[in-house]
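Trainee: With our numbering, the residue at position 114 of the sequence shown is 99, and numbering never jumps.
Quick reminder that beta carbons are idealized off the backbone N, C-alpha and C, glycines included.
I'd like to ask some things about the structure below.
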Amino acid sequence: MAPTNRMRRLLWIARSHERVPWPSCFLMLMVPLLTWSALATTAHLVAGEPPADEAVVAERQASDKKEEKAAKVPKNAFFTALVVDAATGEPIPEFIALAGTSHMDDIGWQWQSHTIHAFAHGKLQWPPPGRRGYREQVLRVEAEGYKPFLTPPIKQLSGEEAPLHGGTPGGARDLPGPYVIYGRPGQPGTLDIRLERDPGVAGRVMTPAGEPAAGAQIAVATAARTVRIKDGNIPLRPLEPDASRRDRWRRPLSVTADGQGRFKLPTEISPAAVAIAHPAGFAAMSFEDLLDGSEVILEPWGEIEGRLMWGDVPGVGETIDIGARTRVGRQFHLILSMHESVETDAQGRFHFRKVPPGLAQVSRVMRPAGTDGASYRPIQFVEVNAGKPTPLVFGGKGRPVIGKLSGRDNWKQVRIRLAPNAPPMGFMSGAKDPTWAAYGQFLKSPAGKNYVKSDIAVMRDGSFHINDVPPETYQLFVDETREDGKTARIGYSRFTIKTIPGGESDEPFELETIEVRPRADP
């Protein structure tokens, strides 16, 4: 029996430069058992057992050989695609693509804006002529009036390296998702990309009083397109008439609500966050939560009325910084936040206005002598109220910390030391690293002495008591002085004292029992 067109479509054996009859990218998203890979000059999309009709296979292979002679594959390309309109099948006349690398669970792929390249006539090759590309990446494809498209992860093979099926542990194990496209320079993997027309996402913004928020700013935050809130606004960097394609792309997508508070945003690939600012209030949400036709009611702006206290002494002339994370949560704090700095007055007081309601990080800014960097220490977190001032004592006398050690019979030579959490260890840890230099300066400063507690004795039963511990995240070290005079670390703990109303409390913070190393035999 001669194969029908339907049977031919199910054979799915295609040369790497051939376009499969149905969008392989859609199959990869819909059928988890399918695996796409490209090795040497052949790509296979496997769907069940291979076809039994050898005559059909031979016919297709002969046709492939003729096409292969005519095909001109760029020497440096390890991936090619035909980009077409999903409705008409016509090639997209003009579009751009850029690479994303280093996937992060919270904010997704890190878009490399310097890789942006314009393509035409539906023909996409990666990397573009004269470029190298990454070993592992995804591509974001954009065209005016269409939804952006995200390819599956693409891995560039080298030498005799063989592909692994998607999801199998191995060379591509750090790429999220079970689907990976493989290719090598001059022998690319391929994909049909069908772009869908973008109807956009419409919504309406209302003030806390229920009135249309006319003129509200709406902006979309993504990796490499960060959004910052300042003075109750969303400032956007102005673009010069001759701005580069890269600079234009890096500017966050933004629109302004009309007189009835209505707006429409282009569709964005998740994860992404949406920020809405208006003189009457603020709102933030994930792009997924912004349903088409939804009504967003703003929360009134918050404010912080604070005072810096080093123990019971006001901190005068200090720089205080705020990093508000908004209601959207910690997931998006790297791409959507408010950062402002103010100076404390003669009584140590400071004031932040137009603060997004929700969690905010407050810190004192240090600028170590001889460096251009800044360090933020100590750090506290505060929940900012909507529509009314939030009082904050930054620092203060703190509260007692109590705990108990176990694992020894005698604690006579054991002492405890407490210090704020140190910066991450790195190849520059030490005097050459501005962050570590600032940390060391803080510990030795009059202010830092309120946060460092040394030579704390341990009671016979292993218990200990530390007075006046201000809010911060701390490291607790348990050390033993041996008979030879040397000190050995025998225990460790890490904990956080949260912000205390009024800056001090008599209620102790109790740690879990700390198990120490047994005493070494003499």
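1) Can you give me the Cβ contacts of residue -8 inside the same chain, cut-off strictly under 7 Å, excluding the 5 residues immediately before and after it?
2) So, at 6 Å on beta carbons, what are the nonlocal neighbours of residue 371 in its own chain, with the 5 sequence-adjacent residues on each side left out?
3) Could you say if the segment 215 to 225 and the segment 163 to 175 meet the contact criterion of at least three C-beta pairs nearer than 8 Å?
4) When you compare the CB positions of residue 326 and residue 304, do they come within less than 8 Å of one another, or not?
5) Could you check what DSSP says for residue 67 in three-state terms: helix, strand or coil?
6) Please go through the same chain and pick out, in chain order, the residues whose beta-carbon is closer than 6 Å to the beta-carbon of residue 433, but skip the five residues on each side of it.
7) For residue 313, which of 259, 120, 390, 348 has the nearest alpha-carbon?
8) Helix, strand or coil: how does DSSP classify residue 319 here?
9) When the distance is taken between beta carbons, is residue 294 closer than 8 Å to residue 246?
10) Could you check how far apart the C-beta atoms of residue 248 and residue 188 are, in whole angstroms? I think they sit under 8 Å.
11) Under 8 Å between the Cβ atoms of residue 403 and residue 463?
12) Among all the DSSP beta bridges, which residues are the ones paired with residue 381?
13) For residue 179, which beta-bridge partners are listed by DSSP?
14) With DSSP run on the structure shown, which of helix, strand or coil describes residue 486?
15) What residue does the beta strand (DSSP E) around residue 419 start on, and which one ends it?
16) Could you give the distance in angstroms between the alpha-carbon of residue 589 and the alpha-carbon of residue 386?
17) Residues bridged to residue 461 by DSSP?
18) Quick one: is residue 210 buried, meaning 16 or more other Cβ sit within 10 Å of its Cβ, or exposed?
19) Give, in chain order, every unbroken run of the beta strand (DSSP E) that is at least 3 residues long and sits entirely within the segment 65 to 140.
20) Three-state secondary structure (DSSP) at residue 174?
21) Cα separation between residue 106 and residue 67?
22) What's the C-alpha gap between residue 495 and residue 388?
Mentor: With the structure as the only source:
1) Note that residue -8 scores 36 on pLDDT, short of 50, meaning its location in the model is unreliable and no value can be drawn from it.
2) Non-local beta-carbon contacts of residue 371 in its own chain, meaning distances under 6 Å to residues more than five positions away in sequence, involve 284, 285, 287, 342 in chain order.
3) With a cut-off of 8 Å, the segment 163 to 175 and the segment 215 to 225 do not count as touching, because too few Cβ pairs lie within range.
4) In contact: residue 326 and residue 304 (Cβ atoms closer than 8 Å).
5) Strand at residue 67.
6) Correct list, in chain order: 427.
7) Relative to residue 313, the option among 259, 120, 390, 348 whose CA is nearest is 259.
8) Under the three-state reduction of DSSP output, residue 319 falls in the coil class, being neither helix nor strand.
9) No. Outside cutoff.
10) Going by Cβ atoms, the distance from residue 248 to residue 188 rounds to 6 Å, so yes, they are a contact pair.
11) Contact: no.
12) DSSP, once it has assigned bridges, lists 295 as partnering residue 381.
13) Beta-bridge pairing links residue 179 to 69.
14) Residue 486 falls in the helix class under three-state DSSP.
15) It is not in any beta strand (DSSP E) - residue 419 instead sits in the alpha helix (DSSP H) that spans 419 to 429.
16) Residue 589 lies beyond the range of the chain shown here (-14 to 507); nothing can be said about it.
17) According to DSSP, residue 461 bridges with 403, 478.
18) Residue 210 should be labelled buried.
19) Taking 3 residues as the shortest admissible run, the segment 65 to 140 contains the following complete beta strand (DSSP E) segments, listed from N- to C-terminal end: 79 to 89, 93 to 105, 108 to 111, 121 to 127.
20) In the three-state reduction of the DSSP assignment, residue 174 falls in the strand class, which pools E and B.
21) The straight-line gap from Cα to Cα measures roughly 9 Å.
22) If I take the Cα positions, the gap works out to 6 Å.
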